[in-house]
Amino acid sequence: MQGANQQIRDLTAEILAGIVDGVVVTDEQAKIIIWNRAAEEMTGIAASDATGRDAAESFAENPAIVTMIEKTLATGMSYSDNDAQLQARQQPPLPVALVTAVLPDGEGNPLGAILTIRNQTGMRDLKERMRRADRLASIGLIAAGIAHEIKNPLVGIRGAAQLMKADLKPGGRQNQGEYLDVILKEADRLNRVLEGILDFTRVKAQESAPFNVHSVLDRALLLQEETARQNGVVLAREYDPSLPEVLGNQDQLMQVFLNLVKNAVEAMPSGGKLTVVTRMSDLFTSVQADGKKHRLMVAKVHDTGAGIKPEHLQDIFAPFFTTKDRGVGLGLALSYQIVQEHLGTIRVESEAGAGTTFSVYLPLAG
Ligand SMILES: Nc1ncnc2c1ncn2[C@@H]1O[C@H](COP(=O)(O)OP(=O)(O)O)[C@@H](O)[C@H]1O
Ligand SMILES: [Mg+2]
Numbered sequence: 337m338q339g340a341n342q343q344i345r346d347l348t349a350e351i352l353a354g355i356v357d358g359v360v361v362t363d364e365q366a367k368i369i370i371w372n373r374a375a376e377e378m379t380g381i382a383a384s385d386a387t388g389r390d391a392a393e394s395f396a397e398n399p400a401i402v403t404m405i406e407k408t409l410a411t412g413m414s415y416s417d418n419d420a421q422l423q424a425r426q427q428p429p430l431p432v433a434l435v436t437a438v439l440p441d442g443e444g445n446p447l448g449a450i451l452t453i454r455n456q457t458g459m460r461d462l463k464e465r466m467r468r469a470d471r472l473a474s475i476g477l478i479a480a481g482i483a484h485e486i487k488n489p490l491v492g493i494r495g496a497a498q499l500m501k502a503d504l505k506p507g508g509r510q511n512q513g514e515y516l517d518v519i520l521k522e523a524d525r526l527n528r529v530l531e532g533i534l535d536f537t538r539v540k541a542q543e544s545a546p547f548n549v550h551s552v553l554d555r556a557l558l559l560q561e562e563t564a565r566q567n568g569v570v571l572a573r574e575y576d577p578s579l580p581e582v583l584g585n586q587d588q589l590m591q592v593f594l595n596l597v598k599n600a601v602e603a604m605p606s607g608g609k610l611t612v613v614t615r616m617s618d619l620f621t622s623v624q625a626d627g628k629k630h631r632l633m634v635a636k637v638h639d640t641g642a643g644i645k646p647e648h649l650q651d652i653f654a655p656f657f658t659t660k661d662r663g664v665g666l667g668l669a670l671s672y673q674i675v676q677e678h679l680g681t682i683r684v685e686s687e688a689g690a691g692t693t694f695s696v697y698l699p700l701a702g
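Numbering (this note's numbering), first residue to last: 337 to 702.
In structure tokens form, the structure reads like this:
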């Protein structure tokens, strides 16, 4: 009997080692019997350290998990938590989904409990991206609608002002001409704002072609060079010269890099260092228009500015979010949309007082 049990245990462990979910099995006293390889990776605790101990000991950093296991053993019921955090040794906490179930013997009596731990990192990223894309799409529609509504009467106002100006009798009241000029000038300015908003809502996949990402980055840096010098900001490049060409729309991506470089310079009004780094990434895109997966490169724009407050990190990609007196808050929203159209990603890391790094992942040609 003992031998058969051992054999089943060995076989089960082998199967469980190949599963991507963490699987933990306890006996009816909540003592750990099985701790598979994924559980080792997620918790940072080796199976040899975890098994044979009480769940309370092996999951010392995760009391909520211990409670779930104990409740399952006491009631025979399943419990789940799709929004849990797994505290791990020497690693950042991991977003996970947890499910416990009772392990019955042949007669349906509880032999122990099974816990599965599913890594939700990708899932939550995806949800967050979908939420953001949704929000952008609906705000974009509203903005485009309003812009159109204003544009038409604006054309009328401008036209009428122009006619009035043409009708002005020479030697008539001097001021009228000046007033009409103000109307024309302001109408033109308003028109530019509306065009900007319409541009933003028109971001769609443009023609893609391989291009040299370093020359585009150089152009973005060049455009900000003067402002940087005035602010005492040093510009540094750490390019990987062996990087292949990037696949995408050069003009749109130029706009992305320009926005990031501009933000970085603006984040350092009293000097600092702006570093642009490029290198190969280990990531791949999802399938592109050509039906292939493409390797990604990453361009990092790093500044030593004040950083982004943690409570703002959620909002910086939202249209019209700005913390600047003269900000518009469309730079990052637009950049996000463009990079997403390229099936890339933008990531941001920021530490208050230490600086900010924006990482743009883009597909490589070939
Ligand atoms: N490098 C950076 N350092 C600190 N804060 C930043 C940085 N980049 C962006 N931000 C924050 O994100 C906000 C939105 O940026 P953006 O969309 O470019 O709009 P704007 O520059 O007009 O404010 C900024 O107002 C700022 O609060
Ligand atoms: Mg900006």
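Each residue gets a CB set at the ideal place from its N, CA and C atoms; glycine is no exception. Predicted, not measured: the structure shown is a model, and the values here were computed from it.
Distance, residue j Cα to residue i Cα
| i | j | result |
| --- | --- | --- |
| ILE405 | ARG683 | 36 Å |
| ASP346 | GLN365 | 21 Å |
| SER695 | ILE370 | 40 Å |
| ALA572 | LEU632 | 23 Å |
| PRO431 | ASP419 | 7 Å |
| ALA688 | MET604 | 13 Å |
| MET337 | GLY442 | Model confidence at MET337 stands at a pLDDT of 47, short of 50, so the residue's coordinates are unreliable; what they give is reported in the following sentence. Their backbone Cα atoms lie some 15 Å apart in a straight line. |
| TYR697 | GLN456 | 21 Å |
| GLU543 | VAL582 | 13 Å |
| ARG662 | VAL356 | 49 Å |
| ALA410 | ASP461 | 35 Å |
| ILE533 | LEU477 | 10 Å |
| ARG565 | VAL597 | 13 Å |
| GLN707 | ARG525 | Residue 707 is absent from the model: the chain starts at 337 and stops at 702. |
| ALA556 | SER686 | 22 Å |
| LEU530 | LEU516 | 21 Å |
| VAL675 | THR681 | 6 Å |
| ILE351 | VAL360 | 13 Å |
| LYS407 | HIS648 | 39 Å |
| ASP528 | GLN586 | Note on identity: in this sequence residue 528 is Arg, with Asp being the wrong assignment. Cα-Cα distance, rounded: 23 Å. |
| LEU579 | HIS630 | 14 Å |
| PHE657 | MET616 | 31 Å |
| ALA502 | GLY691 | 56 Å |
Unbroken alpha helix (DSSP H) run spanning residue i, endpoints
| i | result |
| --- | --- |
| VAL664 | Taken as a continuous stretch (DSSP letters only), VAL664 belongs to no alpha helix (DSSP H), as it is neither H nor E. |
| LEU409 | 399-411 |
| PHE593 | 586-602 |
| VAL356 | That residue, VAL356, is in no alpha helix (DSSP H); it is neither H nor E in DSSP. |
| LEU557 | 549-567 |
| ASP385 | 383-386 |
| THR693 | Here THR693 belongs to no alpha helix (DSSP H); instead the beta strand (DSSP E) covers 691-699. |
| ALA374 | 373-379 |
For residue i: DSSP bridge partner residues
| i | result |
| --- | --- |
| GLN365 | The partner list for GLN365 (beta bridge, DSSP) is empty, contrary to what the question assumes. |
| VAL518 | Paired residues: none, contrary to the question. |
| PRO446 | PRO440 |
| GLY608 | VAL569 |
| VAL435 | SER416 and THR452 |
| HIS638 | THR611 and THR693 |
| THR659 | THR659 pairs with nothing; no bridge assigned. |
Cβ of residue i within 8 Å of any chain D Cβ
| i | result |
| --- | --- |
| ILE381 | The structure shown contains no chain D, having only a single protein chain. |
Span of the beta strand (DSSP E) around residue i
| i | result |
| --- | --- |
| GLN650 | Element bounds for GLN650: n/a, residue is neither H nor E. |
| ALA420 | 415-424 |
| ALA391 | Element bounds for ALA391: not the beta strand (DSSP E) but the alpha helix (DSSP H), 391-394. |
| SER686 | 681-687 |
Any 3 or more C-beta pairs closer than 8 Å across the segment 433-443 and the segment 404-417: yes
Can we say the segment 605-613 touches the segment 636-650, given the rule of at least three CB pairs closer than 8 Å? yes
Does the segment 418-426 come into contact with the segment 370-385, if we say contact requires no fewer than three beta-carbon pairs (one atom in each stretch) closer than 8 Å? Counting C-beta pairs with one atom in each stretch, the segment 418-426 and the segment 370-385 have three or more that are closer than 8 Å, which means they touch.
Any chance the segment 467-486 sits against the segment 383-399, with 3 or more Cβ pairs inside 8 Å? no
Cβ contact (3+ pairs, closer than 8 Å) linking the segment 552-561 and the segment 580-593: yes
Give a yes or no on contact between the segment 484-495 and the segment 393-405, applying the rule of three or more CB pairs nearer than 8 Å. No: fewer than three Cβ pairs fall under 8 Å.
Take every Cβ of the segment 577-592, pair it with every Cβ of the segment 671-679, and state whether three or more of those distances are shorter than 8 Å. yes
Let me have the residue list for ligand 2: C-beta closer than 6 Å to any non-hydrogen atom, ordered along the chain. ASN595, LYS598, ASN599 and GLY667
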